[in-house]
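K.L.:
According to our numbering, the sequence shown is numbered sequentially starting from 55.
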Amino acid sequence: MKKSKENSEHYYWGNNCSGWHLVQSESLSVIEELMPPKTQEKKHYHNNSQQFFRILNGKATFEIENEIIEVESGNGIHIPPKVKHRIRNDQSENLEFIVISEPTTRGDRFNELDE
55 MKKSKENSEH
65 YYWGNNCSGW
75 HLVQSESLSV
85 IEELMPPKTQ
95 EKKHYHNNSQ
105 QFFRILNGKA
115 TFEIENEIIE
125 VESGNGIHIP
135 PKVKHRIRND
145 QSENLEFIVI
155 SEPTTRGDRF
165 NELDE
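1. Provide the residue(s) that pair with R140 in DSSP beta bridges, ordered along the chain.
2. Check whether the Cβ atoms of K97 and W74 lie closer than 8 Å to each other.
3. Do L82 and T159 count as a contact pair if the criterion is CB distance below 8 Å?
4. Could you check if F107 is buried or exposed, using at least 16 other CB atoms within 10 Å of its CB as the buried criterion?
5. Residues in its own chain within less than 8 Å of N102 by CB, not counting five upstream and five downstream?
6. Assuming the contact rule is C-beta atoms closer than 8 Å, L167 and G112 should be a hit. Round their C-beta distance to whole Å, please.
7. In whole angstroms, what separates the C-alpha of L88 from that of S72?
8. Could you say which of Y65, H139, T93 lies nearest to N120 if we only look at CA atoms?
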């Protein structure tokens with residue numbers, strides 16, 4: 055089946071951010087997400103899941119452990135299991151990206167205490 059935002063399950067997260075489940079199984083998760091300007095998620099890690107973020111539009115700022123990495127549209131970044139990370143949209147335009155998780159992150163997300 056062809057998948058798009060229009061025919062996928064939608065959900066809200068964080069501060070008015072959106073996600074669409076393009077693939078949702080125990081072994082694989084593919085989500086298209088949209089983050090409005092000046093939003094971020096909580097710093098966290100996954101014990102088992104690795105993730106790949108592919109930026110579609112905008113520029114993402116990643117905090118990976120204690121490093122800041124900016125990833126522009128057309129590029130991506132791999133996050134191995136057990137690595138503390140968060141994505142931020144520090145820009146004044148929407149950030150759109152695909153996040154692929156293998157296996158799914160359901161039940162495998164551990165938030166860090168706010169610093």
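Heads up, the beta-carbon is just placed ideally off N, CA and C, and yes, glycines get one too.
From a predicted model like this one, the values you see are computed outputs, not experimental measurements.
P.N.:
Considering the structure as presented:
1. The sequence position of residue 140 within the sequence shown is 86, counting from 1. According to DSSP, R140 bridges with E117.
2. For the purposes of this step, residue 97 is taken as residue 43 along the sequence shown, with counting starting at 1. For the purposes of this step, residue 74 is taken as residue 20 along the sequence shown, with counting starting at 1. Not closer than 8 Å, so no.
3. Within the sequence shown, the letter at position 105 stands for residue 159. Within the sequence shown, the letter at position 28 stands for residue 82. In this structure, L82 does not lie closer than 8 Å to T159 by Cβ.
4. As a position in the sequence shown, residue 107 is number 53, starting the count at 1. With 16 or more other Cβ atoms within 10 Å, it is buried.
5. On the sequence shown, position 48 is the one that residue 102 refers to. Same-chain partners within the cutoff: P135, P157, D162.
6. Translated into positions along the sequence shown, residue 167 becomes position 113. Translated into positions along the sequence shown, residue 112 becomes position 58. With a Cβ gap of about 28 Å, L167 and G112 do not count as contacting.
7. By one-based count along the sequence shown, residue 88 stands at place 34. By one-based count along the sequence shown, residue 72 stands at place 18. Spanning the two alpha carbons is a distance of roughly 5 Å.
8. To locate residue 120, count along the sequence shown from 1; it is residue 66. Looking at the Cα atoms, H139 is the closest of the given residues.
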